[in-house]
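Student: Okay, handing you the structure first.
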Amino acid sequence: MSFVESFRTRKDKIFRGVLYKYSFPGFQAYAGHFDGRLIASIKARSDVQSVEKDKLWTTSALVEQKSPNWGLGLISHRDRYHGSTYVYDDSGGGGTWGYVVDSGINITNHLEFGGRARHGYNALKLVPPQDRNGHGTHIAGIMGSKTYGVAKKCKLVAIKVADISPSTSAAIVMDGYQWAVRDIVRNRRQAKAVINVSMNGPYSAAFNNAVDAAFKVGISSITSAGNNWRRVDHYSPGSAKGSITVAATDQRRFRLFTSNYGPAVSIFAPGLNILSTWIGGDNATARISGTSMAAAHVSGLVLYFKKLQTLPDALTTRQFLLQTATRNMVSFAAGSPNYFTYNGNGK
């Protein structure tokens, strides 16, 4: 870092220098605004692994009309379609923590969270921490609301990296992600926590390295595969080896035609017309489709499992999730590993 800052002079008025610093076990990085001379010098250093431009990231969902819920029923039955009957252990992920890196959560105005959600970190600084988009509240609802959630008793931590617009930057998302990693490590919650990142952008070696470093210190990161009709390896953080990357299906377990695919996918989960919590009222709901919703189902299920099983780190968590999953039931998997999310209740 001192190397970068040493190149700045009083003439560098249009370049703002280092804007974000990232540091947690196994990962060191920074983001900023630099001139071409400094960038070339950074690239030439032997101790620098990669240099890349900041990129636009977006959430992975589309709002649609309301219709009956079905995702919870499907992850609790192995057969094709079982309506909205959700069969689950009533421990419901109690004593676990879901970190939602997104647009915030409608915490103060929604009854579904029952005092279990809190504001953790606002990476945007100049806007309020409340969710003004709805996407983050929807994700949190699938993970842990009392009616629509997989882990109905978990605690939820809002990490705001996007506001009214669903678009943000990789640097901002990484700032929020770093906060989540540090909080989990500081509180020794690896065995009881998950980070959900239901957004993606163009491939980023830096962000993938961050996810891989978090994996090595025991942290489970659940990411959406993306809705780009392409292979996941073109996008981050879903292409990170340390990520549990989730693609989406409809009620018949057919891969959504918009869902990204390929060997980098870890598992499939429900992602079409998913009913969950929303902004604008204390009981507001909305229907959204996409891999964001699929990832949220898996995040909730990981918390559910972490309450019931001894899953001390990211590796054992991934192994248990895949061992429990329903195999070879997804149609049009397009070269993706054919695992579908299942909560292991025996139905």
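Under our numbering, the first residue of the sequence shown carries the number 4, and numbering increases by one thereafter. Quick reminder that beta carbons are idealized off the backbone N, C-alpha and C, glycines included.
Give me the Cβ distance between V249 and S269, rounded to the nearest whole Å; I'm assuming they're in contact under 8 Å.
Tutor: V249 to S269, Cβ: 7 Å. Contact.
Student: Confirm, please, whether the CB-CB distance from N203 to Y180 is below 8 Å.
Tutor: No. Outside cutoff.
Student: Taking C-alpha atoms, which residue in T252, A267 and K195 lies nearest to L311?
Tutor: Out of T252, A267 and K195, K195 has the C-alpha closest to the C-alpha of L311.
Student: Shortest alpha-carbon distance to A165 belongs to which of P132, N112, V153 and A289?
Tutor: The option with the nearest alpha carbon to A165 is P132.
Student: Under 8 Å between the Cβ atoms of N190 and K163?
Tutor: Contact: no.
Student: Using CA atoms only, rank isn't needed, just tell me which of K156, S170 and V220 is closest to G97.
Tutor: Of the candidates K156, S170 and V220, the one whose C-alpha sits nearest the C-alpha of G97 is K156.
Student: Using only the alpha-carbon positions, how far apart do I291 and L278 sit?
Tutor: Whole-angstrom Cα-Cα distance: 7 Å.
Student: Just mark D92 as buried or exposed, buried being the case when its beta carbon has 16 or more other beta carbons within 10 Å.
Tutor: D92 should be labelled exposed.
Student: Taking A337 as part of the alpha helix (DSSP H), name the residues at either end of that continuous run.
Tutor: Unbroken run through A337: none, as it is neither H nor E.
Student: Quick check on DSSP: helix, strand or coil for T288?
Tutor: In the structure shown, T288 sits in a strand (DSSP, three-state: E or B).
Student: Can you list, in chain order, the residues of its chain whose CB lies under 7 Å from that of I142, leaving out five sequence neighbours each side?
Tutor: V103, D105, N199, S201, S295 and A299, listed in sequence order.
Student: Is it right to say W232 is buried, meaning 16 or more other beta carbons lie within 10 angstroms of its own, or is it exposed?
Tutor: So W232 counts as exposed.
Student: Return helix, strand or coil for W73, following the three-state DSSP convention.
Tutor: W73: coil per DSSP, three-state reduction.
Student: Between A337 and the rest of its own chain, which residues show a CB-CB distance below 8 Å, the 5 nearest in sequence each way excluded?
Tutor: Closer than 8 Å at Cβ, skipping near neighbours: R258, Y264 and G265.
Student: Considering only the alpha carbon of each residue, which of Y151, F335 and R48 lies closest to G76?
Tutor: Minimum Cα distance to G76 is reached at Y151.
Student: Closest to G144 by CA distance: which of V130, F116, S44 and V160 is it?
Tutor: G144 has its Cα closest to that of F116, out of V130, F116, S44 and V160.
Student: On the DSSP bridge list, what partners appear for V104?
Tutor: For V104, which the question treats as bridged, DSSP gives the partners I162 and V200.
Student: With Y307 as the anchor, note down where its alpha helix (DSSP H) starts and where it stops.
Tutor: Here the alpha helix (DSSP H) through Y307 covers T294 to L311.
Student: Taking V220 as part of the beta strand (DSSP E), name the residues at either end of that continuous run.
Tutor: Neither: V220 is in no beta strand (DSSP E) and is coded neither H nor E.
Student: Does the distance from the CB of F218 to the CB of G241 come in under 8 Å?
Tutor: No, they are not a contact pair.
Student: What residues match up with S2 in a beta bridge as DSSP calls it?
Tutor: Only positions 4 to 350 of the chain appear in the structure, and residue 2 is not among them; the question remains open.
Student: From T99, K128, G95 and L159, pick the residue whose C-alpha is nearest to that of I110; which is it?
Tutor: When only C-alpha atoms are compared, the closest one is L159.
Student: By the 10 Å Cβ neighbour count, where 16 or more other Cβ atoms means buried, how is V66 classified, buried or exposed?
Tutor: Low per-residue confidence applies at V66: pLDDT is 34, beneath 50, and the placement is therefore not dependable, though the value from the model is reported in the following sentence. Exposed: under 16 other Cβ atoms inside 10 Å.
Student: Considering I145, what are the terminal residues of the alpha helix (DSSP H) in which it resides?
Tutor: Element bounds for I145: H138 to G147.
Student: In terms of residues, what are the limits of the beta strand (DSSP E) holding I225?
Tutor: First-last of the beta strand (DSSP E) with I225: S224 to S227.
Student: Roughly how many whole angstroms lie between the Cα atoms of P28 and T88?
Tutor: Approximately 42 Å between the Cα atoms of the pair.
Student: Kindly identify the DSSP beta-bridge partner or partners of N112.
Tutor: Its beta-bridge partners do not exist; DSSP assigns none.
Student: With H, G and I counted as helix, E and B as strand and the rest as coil, what does DSSP make of G123?
Tutor: Note: G123 maps to strand in three-state DSSP.
Student: Checking the sheet assignment: what are the DSSP bridge partners for A251?
Tutor: DSSP lists A272 as partners of A251.
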